[in-house]
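J.:
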Amino acid sequence: MKTIASLGLGLLMTSALTAAQADDVKIGMITTLSGGGSHLGVDVRDGFMLAIEQSGRDDIEVLIQDDANRPDLARSLSDEFMQRDNVDILTGIIWSNLAMAVVPAAVRQGTFYISPNAGPSALAGRQCHENYFNVAWQNDNLHEAMGAYMKEEGFERPILMAPNYPAGTDALAGFKHRYEGEVVDEIYTQMGQTDYAAEIAQIRASDADSLFFFLPGGMGISFMKQYENSGVELPLFGAAFSFDEIIIQAVGSAAIGTMNTSQWAYDLDNDANRAFVDSFREAYDRTPTLYASQGFDSANLILSALEKAHPSDQDAFREALREADFASVRGKFRFGDNHHPIQDVYVREVVEGENGQPTNRLVGLAIEDIQDVYAVDCQM
(Lines of atoms letter the chains of each structure in order from A and count residues from 1; the text may use other names and numbers.)
(Lines give C-alpha, C1' and ligand atoms only; values in the text may rest on other atoms or scores of the structure.)
Protein backbone atom coordinates (compact mmCIF):
# COMPACT_ATOMS: atom_id res chain seq x y z
CA MET A 1 0.00 0.00 0.00
CA LYS A 2 1.84 3.05 -1.21
CA THR A 3 -0.66 5.77 -0.45
CA ILE A 4 -2.76 6.27 2.69
CA ALA A 5 -4.95 9.34 3.06
CA SER A 6 -7.61 10.21 5.62
CA LEU A 7 -11.14 10.49 4.27
CA GLY A 8 -13.53 11.49 7.03
CA LEU A 9 -14.69 8.32 8.76
CA GLY A 10 -12.48 6.04 6.73
CA LEU A 11 -9.32 5.45 4.83
CA LEU A 12 -8.30 5.58 1.22
CA MET A 13 -5.67 3.02 0.28
CA THR A 14 -4.36 2.66 -3.23
CA SER A 15 -2.02 0.11 -4.69
CA ALA A 16 -0.36 2.63 -7.01
CA LEU A 17 0.70 6.27 -6.95
CA THR A 18 -0.42 6.93 -10.48
CA ALA A 19 -3.99 7.61 -11.51
CA ALA A 20 -5.88 4.55 -12.65
CA GLN A 21 -5.71 3.84 -16.36
CA ALA A 22 -8.72 2.84 -18.44
CA ASP A 23 -8.12 -0.88 -17.97
CA ASP A 24 -7.21 -0.66 -14.27
CA VAL A 25 -9.55 -2.22 -11.71
CA LYS A 26 -11.15 -0.26 -8.87
CA ILE A 27 -12.36 -2.07 -5.78
CA GLY A 28 -14.41 -0.30 -3.12
CA MET A 29 -14.19 -1.82 0.36
CA ILE A 30 -16.81 -0.80 2.91
CA THR A 31 -16.09 -2.40 6.27
CA THR A 32 -16.26 -1.80 10.01
CA LEU A 33 -13.05 -0.23 11.31
CA SER A 34 -14.31 1.55 14.43
CA GLY A 35 -16.57 0.78 17.35
CA GLY A 36 -17.65 -2.58 18.71
CA GLY A 37 -16.64 -5.51 16.53
CA SER A 38 -14.17 -3.42 14.55
CA HIS A 39 -11.56 -6.19 14.72
CA LEU A 40 -13.74 -8.15 12.26
CA GLY A 41 -13.40 -5.43 9.65
CA VAL A 42 -9.73 -4.85 10.41
CA ASP A 43 -8.97 -8.53 9.83
CA VAL A 44 -11.01 -8.68 6.61
CA ARG A 45 -9.16 -5.60 5.37
CA ASP A 46 -5.73 -6.88 6.38
CA GLY A 47 -6.26 -10.32 4.87
CA PHE A 48 -7.59 -8.81 1.65
CA MET A 49 -4.74 -6.33 1.29
CA LEU A 50 -2.14 -9.00 2.06
CA ALA A 51 -3.32 -10.99 -0.96
CA ILE A 52 -3.33 -7.87 -3.16
CA GLU A 53 0.22 -7.02 -2.08
CA GLN A 54 1.39 -10.58 -2.66
CA SER A 55 -0.03 -10.53 -6.18
CA GLY A 56 2.45 -7.83 -7.20
CA ARG A 57 -0.13 -6.21 -9.45
CA ASP A 58 -0.02 -2.42 -9.88
CA ASP A 59 -3.27 -2.12 -11.83
CA ILE A 60 -5.61 -2.62 -8.86
CA GLU A 61 -6.79 0.31 -6.77
CA VAL A 62 -8.46 -0.49 -3.46
CA LEU A 63 -10.50 2.27 -1.81
CA ILE A 64 -11.34 1.56 1.83
CA GLN A 65 -13.96 3.28 3.97
CA ASP A 66 -15.22 2.73 7.53
CA ASP A 67 -18.98 2.14 7.77
CA ALA A 68 -18.90 2.49 11.59
CA ASN A 69 -21.48 -0.34 11.67
CA ARG A 70 -24.19 2.04 10.38
CA PRO A 71 -26.49 0.91 7.54
CA ASP A 72 -27.18 4.48 6.42
CA LEU A 73 -23.48 5.28 6.17
CA ALA A 74 -22.73 2.02 4.36
CA ARG A 75 -25.41 2.83 1.79
CA SER A 76 -24.06 6.36 1.33
CA LEU A 77 -20.51 5.08 0.89
CA SER A 78 -21.61 2.51 -1.69
CA ASP A 79 -23.35 5.25 -3.68
CA GLU A 80 -20.19 7.36 -3.58
CA PHE A 81 -18.02 4.46 -4.68
CA MET A 82 -20.30 3.64 -7.61
CA GLN A 83 -21.25 7.14 -8.75
CA ARG A 84 -18.11 9.17 -7.98
CA ASP A 85 -15.32 6.60 -8.09
CA ASN A 86 -16.82 4.24 -10.69
CA VAL A 87 -15.64 1.13 -8.86
CA ASP A 88 -15.87 -2.20 -10.65
CA ILE A 89 -16.28 -4.29 -7.50
CA LEU A 90 -17.60 -3.71 -3.99
CA THR A 91 -16.62 -5.82 -0.97
CA GLY A 92 -15.93 -5.73 2.75
CA ILE A 93 -19.25 -5.60 4.64
CA ILE A 94 -19.27 -7.46 7.96
CA TRP A 95 -22.84 -7.15 9.26
CA SER A 96 -25.89 -8.63 7.54
CA ASN A 97 -28.14 -5.63 8.14
CA LEU A 98 -25.57 -3.46 6.36
CA ALA A 99 -25.32 -5.99 3.53
CA MET A 100 -29.08 -5.82 3.02
CA ALA A 101 -28.84 -2.02 2.88
CA VAL A 102 -26.13 -2.10 0.20
CA VAL A 103 -25.98 -5.26 -1.89
CA PRO A 104 -29.38 -5.46 -3.65
CA ALA A 105 -29.12 -1.92 -5.06
CA ALA A 106 -25.44 -2.27 -5.97
CA VAL A 107 -25.76 -5.47 -7.97
CA ARG A 108 -28.86 -4.21 -9.78
CA GLN A 109 -26.76 -1.26 -10.98
CA GLY A 110 -24.24 -3.63 -12.56
CA THR A 111 -21.56 -3.57 -9.86
CA PHE A 112 -20.09 -6.88 -8.71
CA TYR A 113 -20.31 -7.51 -4.98
CA ILE A 114 -17.93 -10.05 -3.41
CA SER A 115 -18.87 -10.76 0.21
CA PRO A 116 -16.02 -11.68 2.57
CA ASN A 117 -18.39 -12.15 5.51
CA ALA A 118 -22.10 -11.30 5.70
CA GLY A 119 -24.31 -13.98 4.16
CA PRO A 120 -27.98 -13.20 4.91
CA SER A 121 -30.48 -15.84 3.85
CA ALA A 122 -32.38 -13.47 1.54
CA LEU A 123 -29.31 -12.99 -0.67
CA ALA A 124 -28.82 -16.75 -0.92
CA GLY A 125 -32.45 -17.35 -1.84
CA ARG A 126 -35.15 -15.10 -3.25
CA GLN A 127 -32.87 -12.05 -3.67
CA CYS A 128 -29.89 -13.88 -5.15
CA HIS A 129 -28.26 -12.10 -8.09
CA GLU A 130 -25.78 -13.03 -10.78
CA ASN A 131 -23.41 -10.22 -9.69
CA TYR A 132 -23.34 -11.28 -6.03
CA PHE A 133 -20.82 -13.84 -4.78
CA ASN A 134 -20.26 -14.85 -1.17
CA VAL A 135 -16.78 -16.20 -0.40
CA ALA A 136 -17.38 -16.85 3.33
CA TRP A 137 -20.56 -18.86 3.95
CA GLN A 138 -24.30 -18.41 4.11
CA ASN A 139 -25.11 -17.20 7.63
CA ASP A 140 -26.74 -20.48 8.69
CA ASN A 141 -23.88 -22.81 7.73
CA LEU A 142 -21.58 -22.80 10.74
CA HIS A 143 -24.58 -22.91 13.08
CA GLU A 144 -26.06 -25.82 11.13
CA ALA A 145 -22.82 -27.71 11.59
CA MET A 146 -22.90 -27.16 15.35
CA GLY A 147 -26.51 -28.32 15.48
CA ALA A 148 -25.46 -31.57 13.80
CA TYR A 149 -22.44 -31.93 16.11
CA MET A 150 -24.42 -31.37 19.33
CA LYS A 151 -27.10 -33.82 18.22
CA GLU A 152 -24.43 -36.43 17.53
CA GLU A 153 -22.80 -35.75 20.92
CA GLY A 154 -26.08 -36.51 22.71
CA PHE A 155 -27.23 -33.09 23.95
CA GLU A 156 -31.01 -33.26 24.26
CA ARG A 157 -32.14 -29.92 25.71
CA PRO A 158 -30.14 -26.97 24.32
CA ILE A 159 -31.14 -23.38 24.92
CA LEU A 160 -30.30 -20.94 22.11
CA MET A 161 -29.30 -17.26 22.16
CA ALA A 162 -28.47 -14.68 19.48
CA PRO A 163 -28.90 -10.95 18.73
CA ASN A 164 -32.13 -9.90 17.05
CA TYR A 165 -30.86 -9.00 13.55
CA PRO A 166 -30.67 -10.96 10.26
CA ALA A 167 -27.52 -12.93 11.09
CA GLY A 168 -28.90 -13.74 14.54
CA THR A 169 -32.20 -15.11 13.29
CA ASP A 170 -30.32 -17.00 10.56
CA ALA A 171 -28.01 -18.45 13.24
CA LEU A 172 -30.78 -20.02 15.28
CA ALA A 173 -32.67 -21.15 12.19
CA GLY A 174 -29.49 -22.78 10.93
CA PHE A 175 -28.87 -24.59 14.20
CA LYS A 176 -32.38 -26.05 14.11
CA HIS A 177 -32.02 -27.19 10.48
CA ARG A 178 -29.52 -29.85 11.52
CA TYR A 179 -30.25 -30.36 15.21
CA GLU A 180 -33.74 -31.68 14.42
CA GLY A 181 -34.68 -31.99 18.08
CA GLU A 182 -36.43 -30.06 20.82
CA VAL A 183 -34.88 -26.83 22.04
CA VAL A 184 -35.74 -25.49 25.48
CA ASP A 185 -36.02 -21.83 24.44
CA GLU A 186 -34.73 -19.17 22.07
CA ILE A 187 -33.43 -15.92 23.56
CA TYR A 188 -32.98 -12.86 21.34
CA THR A 189 -30.77 -10.05 22.62
CA GLN A 190 -30.19 -6.51 21.38
CA MET A 191 -27.40 -5.59 18.97
CA GLY A 192 -24.49 -4.11 20.89
CA GLN A 193 -25.84 -5.30 24.25
CA THR A 194 -23.31 -5.39 27.09
CA ASP A 195 -25.36 -6.50 30.14
CA TYR A 196 -26.60 -10.10 30.04
CA ALA A 197 -27.81 -10.50 33.64
CA ALA A 198 -31.42 -11.07 32.61
CA GLU A 199 -30.51 -13.61 29.95
CA ILE A 200 -28.19 -15.51 32.30
CA ALA A 201 -30.99 -15.64 34.88
CA GLN A 202 -33.28 -17.09 32.22
CA ILE A 203 -30.66 -19.69 31.31
CA ARG A 204 -30.15 -20.57 34.99
CA ALA A 205 -33.90 -21.09 35.48
CA SER A 206 -34.26 -23.36 32.47
CA ASP A 207 -33.83 -27.14 32.44
CA ALA A 208 -31.40 -26.95 29.51
CA ASP A 209 -28.39 -29.27 29.30
CA SER A 210 -26.33 -26.95 27.06
CA LEU A 211 -26.16 -23.43 25.63
CA PHE A 212 -25.64 -22.63 21.98
CA PHE A 213 -25.06 -18.93 21.35
CA PHE A 214 -24.07 -16.52 18.61
CA LEU A 215 -22.67 -13.22 19.90
CA PRO A 216 -19.97 -11.82 17.61
CA GLY A 217 -17.42 -9.18 18.54
CA GLY A 218 -17.68 -7.31 21.83
CA MET A 219 -21.08 -8.85 22.60
CA GLY A 220 -19.46 -12.27 22.97
CA ILE A 221 -16.68 -10.90 25.18
CA SER A 222 -19.17 -9.26 27.54
CA PHE A 223 -21.40 -12.31 27.73
CA MET A 224 -18.69 -14.88 28.36
CA LYS A 225 -17.08 -12.87 31.14
CA GLN A 226 -20.44 -12.44 32.86
CA TYR A 227 -21.32 -16.09 32.30
CA GLU A 228 -18.09 -17.24 33.97
CA ASN A 229 -18.90 -15.19 37.07
CA SER A 230 -22.53 -16.33 37.20
CA GLY A 231 -21.93 -19.85 38.47
CA VAL A 232 -24.04 -21.35 35.67
CA GLU A 233 -22.23 -24.45 34.46
CA LEU A 234 -23.98 -25.44 31.24
CA PRO A 235 -21.41 -26.32 28.55
CA LEU A 236 -21.05 -23.63 25.88
CA PHE A 237 -21.18 -24.18 22.12
CA GLY A 238 -21.24 -21.80 19.20
CA ALA A 239 -19.88 -20.89 15.82
CA ALA A 240 -16.45 -19.35 15.28
CA PHE A 241 -17.93 -15.83 15.26
CA SER A 242 -18.07 -15.95 19.07
CA PHE A 243 -14.71 -17.70 19.41
CA ASP A 244 -12.18 -16.02 17.14
CA GLU A 245 -8.65 -15.59 18.43
CA ILE A 246 -9.17 -11.98 19.48
CA ILE A 247 -12.40 -12.69 21.36
CA ILE A 248 -11.13 -15.71 23.26
CA GLN A 249 -7.94 -13.94 24.30
CA ALA A 250 -10.01 -11.04 25.61
CA VAL A 251 -12.29 -13.47 27.46
CA GLY A 252 -9.41 -15.44 28.97
CA SER A 253 -9.86 -18.64 30.96
CA ALA A 254 -13.66 -18.62 30.61
CA ALA A 255 -13.23 -19.67 26.99
CA ILE A 256 -11.20 -22.82 27.75
CA GLY A 257 -13.08 -26.01 26.89
CA THR A 258 -15.73 -24.41 24.70
CA MET A 259 -16.42 -25.88 21.25
CA ASN A 260 -17.08 -24.01 18.03
CA THR A 261 -17.53 -24.65 14.33
CA SER A 262 -15.64 -22.94 11.52
CA GLN A 263 -14.99 -23.37 7.81
CA TRP A 264 -11.35 -22.52 8.55
CA ALA A 265 -8.71 -23.01 11.24
CA TYR A 266 -5.20 -21.61 11.42
CA ASP A 267 -3.91 -25.17 11.97
CA LEU A 268 -5.60 -26.64 8.87
CA ASP A 269 -2.93 -28.68 7.13
CA ASN A 270 -2.68 -27.49 3.54
CA ASP A 271 0.00 -25.57 1.66
CA ALA A 272 -2.08 -22.46 0.97
CA ASN A 273 -3.11 -22.13 4.61
CA ARG A 274 0.36 -22.66 6.05
CA ALA A 275 1.75 -19.96 3.75
CA PHE A 276 -1.11 -17.59 4.58
CA VAL A 277 -0.80 -17.95 8.35
CA ASP A 278 2.99 -17.48 8.23
CA SER A 279 2.78 -14.41 5.98
CA PHE A 280 -0.07 -12.85 7.97
CA ARG A 281 1.84 -13.27 11.23
CA GLU A 282 4.93 -11.76 9.64
CA ALA A 283 3.02 -8.80 8.20
CA TYR A 284 0.79 -7.98 11.18
CA ASP A 285 2.42 -9.67 14.20
CA ARG A 286 -0.73 -11.58 15.17
CA THR A 287 -2.48 -14.84 14.36
CA PRO A 288 -5.21 -14.41 11.74
CA THR A 289 -8.87 -14.99 12.54
CA LEU A 290 -11.40 -16.59 10.22
CA TYR A 291 -12.25 -13.03 9.07
CA ALA A 292 -8.70 -12.51 7.85
CA SER A 293 -8.85 -15.83 6.01
CA GLN A 294 -12.08 -14.75 4.33
CA GLY A 295 -10.59 -11.42 3.27
CA PHE A 296 -7.56 -13.24 1.87
CA ASP A 297 -9.70 -15.74 -0.05
CA SER A 298 -11.96 -12.96 -1.37
CA ALA A 299 -9.02 -11.09 -2.83
CA ASN A 300 -7.58 -14.26 -4.34
CA LEU A 301 -10.93 -15.10 -5.93
CA ILE A 302 -10.96 -11.64 -7.54
CA LEU A 303 -7.33 -12.00 -8.63
CA SER A 304 -8.03 -15.40 -10.19
CA ALA A 305 -10.94 -13.96 -12.16
CA LEU A 306 -8.87 -10.96 -13.30
CA GLU A 307 -6.40 -13.37 -14.87
CA LYS A 308 -9.18 -14.33 -17.29
CA ALA A 309 -11.31 -11.20 -17.78
CA HIS A 310 -11.79 -7.56 -16.82
CA PRO A 311 -14.99 -6.67 -14.90
CA SER A 312 -16.05 -4.47 -17.85
CA ASP A 313 -16.68 -7.74 -19.71
CA GLN A 314 -19.31 -8.71 -17.20
CA ASP A 315 -20.27 -12.09 -18.64
CA ALA A 316 -16.67 -13.29 -18.90
CA PHE A 317 -15.71 -11.93 -15.46
CA ARG A 318 -18.79 -13.47 -13.86
CA GLU A 319 -17.96 -16.85 -15.36
CA ALA A 320 -14.38 -16.54 -14.12
CA LEU A 321 -15.66 -15.86 -10.60
CA ARG A 322 -17.96 -18.89 -10.77
CA GLU A 323 -14.97 -21.11 -11.56
CA ALA A 324 -13.32 -20.16 -8.23
CA ASP A 325 -9.96 -21.12 -9.70
CA PHE A 326 -7.77 -20.31 -6.69
CA ALA A 327 -6.17 -22.18 -3.79
CA SER A 328 -8.45 -21.47 -0.83
CA VAL A 329 -6.85 -21.46 2.59
CA ARG A 330 -9.77 -23.55 3.85
CA GLY A 331 -9.07 -26.40 1.41
CA LYS A 332 -12.10 -27.62 -0.54
CA PHE A 333 -14.16 -24.76 -1.97
CA ARG A 334 -16.64 -24.33 -4.80
CA PHE A 335 -19.69 -22.19 -5.50
CA GLY A 336 -23.21 -23.52 -5.56
CA ASP A 337 -25.74 -22.34 -8.13
CA ASN A 338 -26.62 -19.37 -5.89
CA HIS A 339 -22.97 -18.22 -5.71
CA HIS A 340 -22.56 -19.31 -2.08
CA PRO A 341 -19.89 -21.78 -0.96
CA ILE A 342 -20.18 -25.53 -0.81
CA GLN A 343 -17.49 -26.45 1.69
CA ASP A 344 -16.49 -28.49 4.73
CA VAL A 345 -17.09 -27.16 8.25
CA TYR A 346 -14.82 -28.18 11.13
CA VAL A 347 -15.06 -28.42 14.92
CA ARG A 348 -12.53 -26.53 17.04
CA GLU A 349 -11.92 -26.58 20.80
CA VAL A 350 -10.59 -23.65 22.78
CA VAL A 351 -7.50 -24.82 24.65
CA GLU A 352 -4.63 -23.20 26.54
CA GLY A 353 -1.87 -22.30 24.11
CA GLU A 354 1.88 -22.48 24.62
CA ASN A 355 1.90 -18.86 25.79
CA GLY A 356 -0.81 -19.57 28.37
CA GLN A 357 -3.44 -17.73 26.33
CA PRO A 358 -6.57 -19.43 24.95
CA THR A 359 -6.35 -20.56 21.34
CA ASN A 360 -8.42 -22.69 18.96
CA ARG A 361 -7.33 -26.24 18.15
CA LEU A 362 -8.74 -28.18 15.23
CA VAL A 363 -10.67 -31.25 16.44
CA GLY A 364 -12.12 -32.68 13.25
CA LEU A 365 -14.79 -32.49 10.60
CA ALA A 366 -18.30 -31.44 11.65
CA ILE A 367 -20.02 -31.70 8.29
CA GLU A 368 -18.83 -32.23 4.73
CA ASP A 369 -19.79 -30.25 1.62
CA ILE A 370 -22.50 -28.21 3.31
CA GLN A 371 -24.77 -26.13 1.08
CA ASP A 372 -27.33 -23.65 2.34
CA VAL A 373 -31.00 -24.57 2.30
CA TYR A 374 -31.99 -21.32 0.56
CA ALA A 375 -30.36 -22.22 -2.76
CA VAL A 376 -33.61 -23.87 -3.91
CA ASP A 377 -35.28 -20.42 -3.80
CA CYS A 378 -32.62 -18.79 -6.03
CA GLN A 379 -33.94 -18.25 -9.55
CA MET A 380 -30.75 -17.27 -11.40
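Those letters in the sequence shown? Residues -22 to -1, 1 to 358, by mature numbering (1 follows the signal peptide of the UniProt record, and there is no 0). For every residue, glycine included, the Cβ atom is placed at its ideal position computed from N, Cα and C. Owing to the predicted nature of the structure, the values given are computational and were not obtained by experimental measurement.
Which residue spans inside the region 108 to 148 form an unbroken beta strand (DSSP E) run of at least 3?
T.: You should have 110 to 112, 136 to 141.
J.: For the region 277 to 357, which segments carrying the beta strand (DSSP E) assignment without a break, of at least 3 residues, lie completely within its bounds, in sequence order?
T.: Complete beta strand (DSSP E) runs here, min 3: 319 to 330, 336 to 348.
J.: Give me, in chain order, the residues of the same chain whose beta-carbon lies closer than 8 angstroms to that of K129; leave out the 5 immediate sequence neighbours on both sides.
T.: As a position in the sequence shown, residue 129 is number 151, starting the count at 1. Contacts found: R156, Y157, E158, G159.
J.: So the beta strand (DSSP E) N238 belongs to, where does it begin and stop?
T.: Locating residue 238 in the sequence shown gives position 260, counting from the first residue. Run containing N238: 237 to 240, per the beta strand (DSSP E) assignment.
J.: Keeping to the same chain, check which residues put their C-beta closer than 8 angstroms to that of Q171; ignore five residues upstream and five downstream.
T.: Here residue 171 refers to the residue found at position 193 of the sequence shown. Result list for Q171: P141, M197, S200, in chain order.
J.: Excluding the five sequence neighbours on either side, which residues of its own chain have a C-beta within less than 8 angstroms of the C-beta of I348, listed in chain order?
T.: On the sequence shown, residue 348 is found 370 positions in, with the first residue counted as 1. Within the same chain, I348 has close Cβ partners N119, E122, A123, I320, Q321, D322, V323.
J.: Tell me which residues share the same chain as E223 and place their Cβ nearer than 6 angstroms to its Cβ, disregarding the 5 neighbours each side in the sequence.
T.: Taking the sequence shown and counting its residues from 1, one reaches residue 223 at position 245. Same-chain partners within the cutoff: T265, T267.
J.: Under a three-way DSSP split, which group does M169 fall into?
T.: In the sequence shown, the residue the question calls residue 169 occupies position 191. In this structure, M169 counts as coil in the three-state DSSP scheme.
J.: Alpha carbon to alpha carbon, how far is E327 from I165? Give it in angstroms, no decimals.
T.: Numbered from 1 along the sequence shown, position 187 holds the residue referred to as residue 165. Numbered from 1 along the sequence shown, position 349 holds the residue referred to as residue 327. If I take the Cα positions, the gap works out to 24 angstroms.
J.: Quick one: which unbroken alpha helix (DSSP H) runs of 4-plus residues sit fully inside the region 203 to 232? Chain order, please.
T.: Taking only runs of at least 4 residues, the alpha helix (DSSP H) segments lying wholly in the region 203 to 232 are 223 to 229.
J.: Taking only three categories from DSSP, how would you classify I20?
T.: Position 42 of the sequence shown, counting from 1, holds the residue named residue 20. In the sequence on display, residue 20 carries Val and not Ile. Helix at V20.
J.: For K4, list the residues DSSP reports as bridge partners.
T.: In the sequence shown, counting from the first residue as 1, residue 4 sits at position 26. K4 pairs with E39.
J.: With a threshold of 7 angstroms on Cβ separation, who are the neighbours of D185 within its own chain once the five nearest residues in sequence on each side are excluded?
T.: Stepping through the sequence shown from its first residue, residue 185 is reached at position 207. Hits under 7 angstroms: R135, V162.
J.: Please report the distance separating the alpha-carbon of L281 from that of K310.
T.: For this step, residue 281 is matched to residue 303 along the sequence shown. For this step, residue 310 is matched to residue 332 along the sequence shown. If you take the alpha carbons of L281 and K310, they lie about 18 angstroms apart.
J.: Along the chain, where does the beta strand (DSSP E) containing F192 start, and where does it finish?
T.: Sequence index remark: in the sequence shown, residue 192 carries index 214 (1-based). Note, F192: premise wrong, no beta strand (DSSP E); not H, not E.
J.: Go ahead and pull the three-state DSSP assignment for E164.
T.: Mapped onto the sequence shown, residue 164 falls at position 186. Strand at E164.
J.: Out of S220, I30, Y244, Q227, which has the shortest C-alpha to C-alpha gap to M237?
T.: As a position in the sequence shown, residue 237 is number 259, starting the count at 1. The shortest C-alpha separation from M237 is found at S220.
J.: In this structure, how does DSSP classify I30 when only helix, strand and coil are distinguished?
T.: Locating residue 30 in the sequence shown gives position 52, where the first residue counts as 1. Reduced to three states, the DSSP call for I30 is helix.
J.: Just reading off the alpha helix (DSSP H) that L76 is part of, what are its end residues?
T.: Taking the sequence shown and counting its residues from 1, the one referred to as residue 76 is at position 98. L76 -> alpha helix (DSSP H) spans 74 to 86.
J.: Go ahead and label S56 buried or exposed: buried means 16 or more other beta carbons lie within 10 angstroms of its beta carbon, across all protein chains shown.
T.: Residue numbering aside, residue 56 sits at position 78 when the sequence shown is read from its first letter. When all chains shown are included, S56 counts as buried.
J.: Please report the residue range of the alpha helix (DSSP H) in which L101 lies.
T.: Against the sequence shown, residue 101 aligns to sequence position 123. From DSSP, the alpha helix (DSSP H) with L101 extends over 99 to 102.
J.: Quick check on L11: does DSSP put it in helix, strand or coil?
T.: Within the sequence shown, the letter at position 33 stands for residue 11. If DSSP states are grouped into helix, strand and coil, L11 belongs with coil.
J.: Considering only their Cβ atoms, is the gap separating A102 from I71 smaller than 8 angstroms?
T.: What you label residue 71 is simply residue 93 of the sequence shown in a count that begins at 1. What you label residue 102 is simply residue 124 of the sequence shown in a count that begins at 1. No, the Cβ-Cβ distance between I71 and A102 is not below 8 angstroms.
J.: Can you name, in chain order, every residue of its own chain whose Cβ lies under 7 angstroms from the Cβ of I178, other than the five neighbours on each side?
T.: As a working mapping, residue 178 is identified with position 200 in the sequence shown. Taken in chain order, the residues that qualify are Q204, Y205, S208, V210.
J.: Does DSSP put L68 in a helix, a strand or coil?
T.: If you number the sequence shown from 1, residue 68 lands on position 90. Residue state, collapsed to three classes: strand.
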